[in-house]
Each structure stands twice: as C-alpha cells, then as structure tokens.
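Engineer: If you scroll down you'll find the structure; I have some questions about it.
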Amino acid sequence: MTLVTATKRSARGAPRADGGRRPPPDHGAWFLVLPALIPILVLSVGPLLYGILLAFTDAQSGRTQPTQWIGGLNFRDLLHDTLFWESFRIGLVWAVGVTVPQFLLALGLALLLNQELRLRWLARALAIIPWAMPEVVVGVMWRLVYNPDAGVLNETLRDLGLGDGRDWLSGLGTALPAVIVVGVWAGMPQTTVALLAGLQNTPRELHEAAAMDGAGAWRRFRTVTWPALRPVALAITALNFIWNFNSFALVYVLTSGGPGGRTRLPMLFAYEEAFRYGQFGYAAAMGCVMVAVISVLLALFLVGRLRGGDDT
Amino acid sequence: MRTSTGGRVGQYAALLAYLVFLAFPFLWLVSTAFKSPRELGSLHPSWIPEDPTLDNFRQAFDEQPLLRAAGNSLLAALGAALVAVLIATPLAYVMARRRTRLAKAATGWVVVSQAFPLVLVIIPLFLVLKNLGLINSLAGLVLVYVVWALPFALWMLVGYVRAVPAELEEAAAVDGAGRVRTLVSVTAPLLAPGIVATGLFAFITAWNEFFFALVLLKTPEKQTLPVVLTHFIGAEGVADLGPLAAAAFLATLPSLVVFAIIQRRITGGMLSGAVKS
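In the order they appear, the protein sequences are chains A and B.
Here the first sequence is numbered in numbering that gives the first Met the number 0, starting from 0 and rising by one per residue.
Here the second sequence is numbered in numbering that gives the first Met the number 0, starting from 0 and rising by one per residue.
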C-alpha cells in the first residue's frame, strides 16, 4: 500500500502525457463509478463520520437506555486519563522507533538493489517476503526467535558466550525494544520497494556526469540521488509513521500490550476499551484524539522538511 | 558505473547481511515446525532438527479447527478479491481516463484512506454491521475487506489502465466500434493480466488480515485462520511451540505462493505507475 500513495504524490508534479486533451462530458461514467462508490460511502466515509459523532455520546455496548449526547465529556475525561496518555507516549516511541530505522535500513537496501550486483533478482525476491506474510505469523515467528529457551536469539548469545540471554518479551526494559525490532523487520519491504521506485526515477546520465567530474559516492548521493528521491522518501516516511502508530496485530500477538502495559500501543488500548469494556463512545473519543495529534505532528514534520529542504 | 573491487566486496557483504536479517526468522519458524517436543524442550536448539517429525502438524490439526478456519479464510479472501476487482476496475478506468471532479474525489479518498485510523472506523462499522445482522458472518467480513482492499486495488488498476494507450481505443472508435465494444474487445484483453494481479493482491490482503476478523467474528466456527492461530497462545502467553510453528507455517504458504506469482507484476506495476504520469 505504501508505494501507492508515496509514488502517487511524487508523480503529481510531473506533467501528464495526455495533458492537452479534454474528454467530452460523459454521463455513462456514473454507471462505471456507482458500484464502487456506494460501498465506499456506506462502509468507509460513513463510518468515519459516524465515529466522530460517537465520540460525543455515551454509547456503550449492550445497554438498554438510549444513547445520549454528552458533549465534550469524553474528551474531558480523556484529558485526565493518565493510562491513556502513557499508552499514547508508548505509541509515539514505538512509531518513531520503528519508522526511522525502517527508513534508513530500507534506503540502504534499495541503494544496493539498484546496483548491478549478481543475484540481484534473488535478493529482490527474498527482500519482500516479510510483506507477503500475515502479521499474525510475523508475530508468532518472532515469539519463537525471542523464546527464552527454544529461541534462536538466546541460543546464539549462549554460543557466543554472552551470557544466558533473557526473556525478551516479558522483561520490563526489553519488551518495547524487542517489539520495535519486529516492527522494523515487518515494514522494510514496502519501504524498500517505494524507495527503489524512486531511485529508478533518478537520472542516470546526471549520475555518470557527476562521476566523470570526480564526485565521490557520497557526493553523488547528496547532489544527484537524494534530491530526486526526496519526495518519495518524505511521503513514505509520513505514511509509515501513520501506519506504525495505528498498528495492532503485531504487538497483540507478541505481548498483548504487556508486561505491565509497557507495550500497550494506543490501538490496543482503544480496542480493549471498546470491545472488552464496551465503552464505544469513550474509545471513539480516543480515536479522534489520536487522529488529531498525529495530523498535527505530521503537518509540522512535512512543513519543516519542505521548508528547510532546499540545502539538504 | 565502475566500483572498486573492495567496494564490490563491501556491497555483497552488506547485501548478505540484509538477506540474513530478512530470512532468518522464517527459517527458524520452519525449523521449529519440524522439531520433536524433546528437542524443543532442550536448552540447545539447533538450526537443523535432529530427528525431523511431522507430529507438530498432526497435533496442530487436533488442537484447533485449522481446516475449517482455512476454509473460512479462503471464502472471505476469494469473495473480497472478486468483488473488489469487479467494482474497482470500472472506477479505476474512469479515474485514469477522465479528469472529472468525481475522479479527483476518488483519488483523494484513496490517499486519505491510507491515513484512516482503524479505531475510529471499527466501532461505527461494528454498529452498522450489527444493525444489518452481519456480525459474526463471513458476508459482513467480505464487505469490510472489499472496502479495505479498494484503495490499493484502485491505485494498481489506474496504473494498468494508463499503460493501455488511449490511442488504441480511439482507433477502435474511428473504426466504428461502440463504447462497450471498444471496452470489451480492445481494453479488457490488454488489462486482463493487471486485473488478475490486482485480484491476487486483494486475496492476500484479505487472507492475511487480523484486526477486523478479530472484532467481527465471535464464534470459533466462523473465525479465519489468523484469529485461530492466536488460540494456540494461552492466556498466560504460554504456547505449545511446535504445533504453533507448524500451523503458522501452513497459514503462510498460500500467501507466499501467490506473492511469488505476482511479485514481478506488483513491483513492476508500481514502478511504472511511479515513473510515468
């Protein structure tokens, strides 16, 4: 999904091949559009608006009295809900901790895959395996890796004489870093493919000209590759941040939010609030707050990047 | 471009490191799936099982209704893929060929929906489906999956439609073919491989999905494979590793096979979508 929007945005500025032609008004188009439009409105746009409304009600699951408007009461409660804000903080640590290494590692891999290396086709095929796997299986797999006794991580540590290892996923200090590594692993393929697409967009002639002028690899990257790659890089990073902040299945399988809530991402928190305790209205308010804060952070990030970007 | 031999060696070493990082968890999963309980209990697990066994697979099928879950997953994924492609192809055609306000709004939705927070959507969705009597039903899940797979399907299809030269359609029109005739006998055949790839991708997306299935399917008879997989993990987080690994391995195979088939098309399609337009 990544690539989609990432590449889309980068492509937007470019002139279109069929730019000059203007199609005649076409009412038949409605018949082509309607079958997709109705489900989108009923099951995507509608629920989103309904969700925002729910945040201002006391909706609960399985209750008999009618739901009432309570204005901003949910939000006032949320403001003083320290558990929620702790979860929110963990969510931010997780999202930044996953997104940044994900980008750096994927950039390195994309640069390698863009070279004329032997066995590149094999590397490309292997590199996107994590993308094909169900998130639940990714979680299960890494549980096996992290397993204190039968896991390969502790066994490797023991072989290297680095001690007996530990129970990574239930240690208070290690649980969050351990799940972050899994997050990085799981999201690398999409990021790599998007960056690879961006790299193949960079003008090869410019590269060669710079090499002839004696520019080293780092200079060539900074002056030729990076400027061409930047729109894709920004878009994919922004999207990754959103996806990571909203991620659920991985951590649900790995730790279910434990130990002691150390890995309880906001999505897990809201899920429990809604479907374990049945507080629909309150959980919807959480969703609204998450969207609002993330939108503001992203806007700041993108504006800052776009402004200060000319020299980098 | 020329690179020094030392640079080359460094590049291959880096590539190898990446491949090890990306591949080792999966290899460990496969290895664990074939180990005997005795070996799983020992403190020194090895990469190659000492006496490989299929017991874990047998036990996995005994412990959980894996076949039924796989059947449910298959139904949900096939349904979602078929419906998504059927309704997305016409819309993608309009988005690629016309520049109406509607096409722009659809493009905007594709972008914005990427940022949709699932929490905000799942609660109202749950209530809507409950009113329609579609909770704990695969039909309801298919509906959700269709909408969920739509943005990516649209993006892929728009790229494929753009790759079909509009001139071909115009030529057919000049030759006297009507709109429908042109679409059916000129555009559709050229688009077919792209449509298949899009459908297969929607299939994997639905096959792998967890969150909606967890919320919407209540009884074990209806649950899909990813949800049933989590039942192998006990309440205390203790899991019977062998059967868990075996079941997880089996659940991944369809995704891997399908992904291998469309891999080239997906990356290729994305690249062309990115480079063009």
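A virtual CB, placed ideally from N, CA and C, is assigned to each residue, including glycine.
Using a Cβ cut-off of 7 Å, pull out every chain B residue sitting near A/Ser43, in sequence order please.
Structural biologist: As a first step, residue 43 of chain A must be located in the first sequence, where it is residue number 44. Ordered by position in chain B, the residues that pass the 7 Å Cβ test against A/Ser43 are Ser112, Val146.
Engineer: Would you say B/Ala76 reaches chain A, if we count a Cβ-Cβ gap shorter than 8 Å as a contact?
Structural biologist: The sequence position of residue 76 of chain B within the second sequence is 77, counting from 1. Cβ-Cβ to chain A under 8 Å: no for B/Ala76.
Engineer: At a Cβ threshold of 8 Å, is B/Ile47 touching chain A?
Structural biologist: Taking the first residue of the second sequence as 1, we reach residue 47 of chain B at position 48. B/Ile47 does not count as touching chain A.
Engineer: What residues from chain B crowd round A/Glu134, counting only those whose CB sits closer than 7 Å?
Structural biologist: Position 135 of the first sequence, counting from 1, holds the residue named residue 134 of chain A. The contacting residues are Asn207, Phe209.
Engineer: Report the rounded CA-to-CA distance for B/Thr4 versus B/Ala95, giving the unit in angstroms.
Structural biologist: Here the question's residue 4 of chain B lines up with position 5 in the second sequence. Here the question's residue 95 of chain B lines up with position 96 in the second sequence. Their backbone Cα atoms lie some 47 Å apart in a straight line.
Engineer: Consider the Cβ of B/Thr251: report whether some Cβ of chain A lies at a distance smaller than 8 Å.
Structural biologist: Within the second sequence, numbered from 1, the residue matching residue 251 of chain B stands at position 252. For B/Thr251, the answer is yes, since a Cβ of chain A falls inside 8 Å of its Cβ.
Engineer: Is there at least one Cβ from chain B nearer than 8 Å to A/Met211's Cβ?
Structural biologist: The sequence position of residue 211 of chain A within the first sequence is 212, counting from 1. Taking Cβ atoms only, chain B never reaches closer than 8 Å to A/Met211, which makes this a no.
Engineer: I need the straight-line Cα distance from A/Val231 to B/Pro192, nearest angstrom please.
Structural biologist: The residue given as residue 231 of chain A occupies position 232 in the first sequence. The residue given as residue 192 of chain B occupies position 193 in the second sequence. For A/Val231 and B/Pro192, the distance between alpha carbons rounds to 27 Å.
Engineer: Could you name the residues of the same chain whose beta carbon sits closer than 7 Å to that of B/Val109, not counting the 5 residues immediately before and after it, in chain order?
Structural biologist: Your numbering for residue 109 of chain B matches position 110 in the second sequence. For B/Val109, where only same-chain residues beyond five positions count, the Cβ hits under 7 Å are Pro150, Leu153, Trp154.
Engineer: By alpha-carbon positions, which one of B/Gly175, B/Val146, B/Pro24, B/Ala250 ends up nearest to A/Ser43?
Structural biologist: As a first step, residue 43 of chain A is located in the first sequence; it is residue number 44 there, counting from the start. Of the listed residues, the one whose Cα sits closest to A/Ser43 is B/Val146.
Engineer: According to the neighbour-count rule (16 or more other Cβ atoms, all chains shown, within 10 Å of its Cβ), is B/Tyr144 buried or exposed?
Structural biologist: As a working note, residue 144 of chain B is residue 145 in the second sequence. With 16 or more other Cβ atoms within 10 Å, it is buried.
Engineer: Any C-beta of chain A sitting closer than 8 Å to the C-beta of B/Arg180?
Structural biologist: The residue given as residue 180 of chain B occupies position 181 in the second sequence. Not one chain A Cβ lies under 8 Å of B/Arg180.
Engineer: So with CB distances below 7 Å, who are the chain A contacts of B/Phe25?
Structural biologist: By one-based count along the second sequence, residue 25 of chain B stands at place 26. At a beta-carbon threshold of 7 Å, the residues of chain A lying near B/Phe25 are Ile128, Met140, ordered along the chain.
Engineer: Rounded to whole angstroms, what's the CA-CA distance from A/Phe74 to A/Tyr49? Just pull it up for me.
Structural biologist: The residue labelled residue 74 of chain A in the question sits at position 75 within the first sequence. The residue labelled residue 49 of chain A in the question sits at position 50 within the first sequence. C-alpha separation (whole angstroms): 17 Å.
Engineer: Can you pull the DSSP bridge partners for A/Thr56?
Structural biologist: Position 57 of the first sequence holds residue 56 of chain A. Within the DSSP secondary-structure output, A/Thr56 pairs in a beta bridge with A/Trp68.
Engineer: Here's a check: name, in chain order, each residue in its chain whose Cβ is nearer than 6 Å to the Cβ of A/Gly197, leaving out the five neighbours to either side.
Structural biologist: Here residue 197 of chain A is taken as the residue at index 198 of the first sequence, counted from 1. Excluding sequence neighbours, A/Gly197 sits near Leu228, Val231.
Engineer: Quick check: the region 198 to 205 of chain B against the region 76 to 86 of chain B, are at least 3 beta-carbon pairs closer than 8 Å?
Structural biologist: yes
Engineer: Should B/Asn207 and A/Pro133 be called a contact, given that it needs their Cβ atoms to be closer than 8 Å?
Structural biologist: Here residue 207 of chain B refers to the residue found at position 208 of the second sequence. Here residue 133 of chain A refers to the residue found at position 134 of the first sequence. The answer is yes: Cβ separation under 8 Å.
Engineer: How would you call B/Asn130, buried or exposed, if buried means at least 16 neighbouring beta carbons within 10 angstroms?
Structural biologist: For the purposes of this step, residue 130 of chain B is identified with residue 131 of the second sequence, where counting begins at 1. By the 10 Å Cβ count, B/Asn130 comes out exposed.
Engineer: On the DSSP letters alone, give me the boundaries of the alpha helix (DSSP H) that A/Arg229 sits inside.
Structural biologist: The residue labelled residue 229 of chain A in the question sits at position 230 within the first sequence. Note, A/Arg229: alpha helix (DSSP H), 225 to 244.
Engineer: If you run the structure through DSSP and keep just helix, strand and coil, what is A/Ala196?
Structural biologist: To locate residue 196 of chain A, count along the first sequence from 1; it is residue 197. It is helical.
Engineer: Run the CB neighbour count on B/Gly233, radius 10 Å, all protein chains shown included, and call it buried at 16 or more, exposed below.
Structural biologist: Counting from one through the second sequence, the residue named residue 233 of chain B turns up at place 234. So B/Gly233 ends up on the exposed side.
Engineer: Closer than 7 Å between beta carbons: that is the criterion. Which residues of the region 148 to 172 of chain A meet it against chain B?
Structural biologist: Asp148, Ala149, Val151, Glu154
Engineer: When you compare the CB of B/Ile194 with every CB in chain A, is at least one pair closer than 8 Å?
Structural biologist: Taking the first residue of the second sequence as position 1, residue 194 of chain B is located at position 195. B/Ile194 does not count as touching chain A.
Engineer: Could you name the residues of the region 46 to 61 of chain A whose beta carbon sits closer than 9 Å to any beta carbon of chain B, in the order they occur along the chain?
Structural biologist: Answer set for the region 46 to 61 of chain A: Pro46, Leu47, Leu48, Tyr49, Gly50, Ile51, Leu52, Leu53, Ala54, Ala58, Ser60.
Engineer: How about the region 296 to 306 of chain A and the region 234 to 244 of chain A: do they share at least three Cβ pairs that are nearer than 8 Å?
Structural biologist: By the criterion of at least three beta-carbon pairs nearer than 8 Å, the region 296 to 306 of chain A is in contact with the region 234 to 244 of chain A.
Engineer: Run through the region 191 to 220 of chain B for me and flag every whole alpha helix (DSSP H) of 4 or more residues, listed as ranges in chain order.
Structural biologist: 210 to 215
Engineer: Roughly how far, in whole angstroms, is the beta-carbon of A/Pro258 from the beta-carbon of A/Ala174, given that I think they are within contact range, below 8 Å?
Structural biologist: To locate residue 258 of chain A, count along the first sequence from 1; it is residue 259. To locate residue 174 of chain A, count along the first sequence from 1; it is residue 175. Confirmed, about 6 Å.
Engineer: Under 7 Å, CB to CB, which of the residues in the region 229 to 246 of chain A have a partner in chain B?
Structural biologist: Leu238, Ile241, Asn245
Engineer: Buried or exposed, going by whether 16 or more other CB atoms sit within 10 Å of the CB of A/Ser246?
Structural biologist: Translated into the one-based positions of the first sequence, residue 246 of chain A becomes position 247. Label assigned to A/Ser246: buried.
Engineer: Would you mind reading off the limits of the alpha helix (DSSP H) that contains A/Pro100?
Structural biologist: By one-based count along the first sequence, residue 100 of chain A stands at place 101. Bounds of the alpha helix (DSSP H) holding A/Pro100 are 81 to 112.
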